[in-house]
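*Asks:* I have a structure I would like to understand better, so I am pasting it below and will then ask my questions one at a time.
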Amino acid sequence: MKTKHIKNNFRWRYVLTLAFAHFYHDTYSSFLAPILPLLIKNLGLSLSLAALLSLFQRIPSLINPFIGVIADELPLTWFVVITPLITSIVMSLLPISSSYLFLFLLLITTGLSSAFFHVPAPVLVRKVSGKRVGAGMSFFMFGGELARSVGPLVILGAVTMWGMKGTYRLIYFGIAGSVFLYFML
């Protein structure tokens, strides 16, 4: 995607693709809460240890200012293509975690991936929205909000169909999503 100059026209294809990217990324990143009771049971976690899991996923957002500096120097589209893939792989493995340390590593990785997505993606939305930045951002935000509703249904559906050990199958959808983004952006 060539985004060096902001154009006056609203580029629907790119705006909707970025909204899809946000939907795709945040669908996977919303897997923790619905499977937390299963993780507590399977790993014998205390409520204190379980509460820390969400913190592990969120703490990498503290480096957002540094990510902004990095994003200013690199092509933004790569962030939007690669980070949802990372998040989809890591979060699809969450239910098969065999230790608290593995959960920690997966959630820190997801948090970093999320931070590297959510900093540059809105910049791209601005670049492809022309003078209608509010409209572009509203589509982008809609994708993320919808994902937070769909994600729990996806992971619980996967656990119901395949069990905790079968959620790795969701990785294939993640790969397909990033291939789609690669060709659309």
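All the letters of the sequence shown, read from the start, carry residue numbers 1344 to 1528 under our numbering. Glycine included, each C-beta is placed from N, C-alpha and C at the ideal position.
Could you tell me the boundaries of the alpha helix (DSSP H) in which D1369 lies?
*Replies:* Position 26 of the sequence shown, counting from 1, holds the residue named residue 1369. Counting along the chain, the alpha helix (DSSP H) containing D1369 begins and ends at W1355 to S1372.
*Asks:* Pull up the distance between the alpha-carbon of G1473 and that of G1517, whole angstroms please.
*Replies:* Indexing the sequence shown from 1 puts residue 1473 at position 130. Indexing the sequence shown from 1 puts residue 1517 at position 174. Using only the alpha carbons, I get a separation of about 30 Å.
*Asks:* Have a look at T1453, F1482 and Y1515 and flag the residue whose alpha-carbon is nearest the alpha-carbon of F1353.
*Replies:* Looking up residue 1353 in the sequence shown gives position 10. Closest by alpha carbon: F1482.
*Asks:* Under 7 Å, do S1456 and T1430 count as touching if we go by C-beta distance?
*Replies:* Reading the sequence shown from its first residue, position 113 is the one you call residue 1456. Reading the sequence shown from its first residue, position 87 is the one you call residue 1430. Against a cut-off of 7 Å, the Cβ pair of T1430 and S1456 comes out as a contact.
*Asks:* In angstroms, rounded to a whole number, what distance separates the CA positions of G1479 and W1355?
*Replies:* Taking the sequence shown and counting its residues from 1, the one referred to as residue 1479 is at position 136. Taking the sequence shown and counting its residues from 1, the one referred to as residue 1355 is at position 12. Approximately 9 Å, taken between the alpha carbons.
*Asks:* Taking only the alpha-carbon atoms, compute the straight-line gap between V1497 and T1370 and give it to the nearest angstrom.
*Replies:* Here the question's residue 1497 lines up with position 154 in the sequence shown. Here the question's residue 1370 lines up with position 27 in the sequence shown. Using only the alpha carbons, I get a separation of about 8 Å.
*Asks:* Below 8 Å on the Cβ atoms is my guess for L1359 versus V1424; work out the distance and round it to an integer in Å.
*Replies:* Taking the sequence shown and counting its residues from 1, one reaches residue 1359 at position 16. Taking the sequence shown and counting its residues from 1, one reaches residue 1424 at position 81. No, L1359 and V1424 are not in contact; Cβ-Cβ is about 16 Å, not under 8 Å.
*Asks:* Which residues in the same chain have their Cβ closer than 8 Å to the Cβ of R1512, if we skip the five residues on either side of it in sequence?
*Replies:* Within the sequence shown, numbered from 1, the residue matching residue 1512 stands at position 169. Answer for R1512: S1435, A1501 and W1505, listed in chain order.
*Asks:* Buried or exposed: which applies to S1389, given that a residue is buried once 16 or more other Cβ atoms fall within 10 Å of its Cβ?
*Replies:* Position 46 of the sequence shown, counted from the first residue, corresponds to residue 1389. So S1389 ends up on the exposed side.
*Asks:* Could you tell me how far apart the beta carbons of A1529 and L1361 are, in whole angstroms, since I believe they sit closer than 8 Å?
*Replies:* Since the first and last residues shown for the chain are 1344 and 1528, residue 1529 lies out of range.
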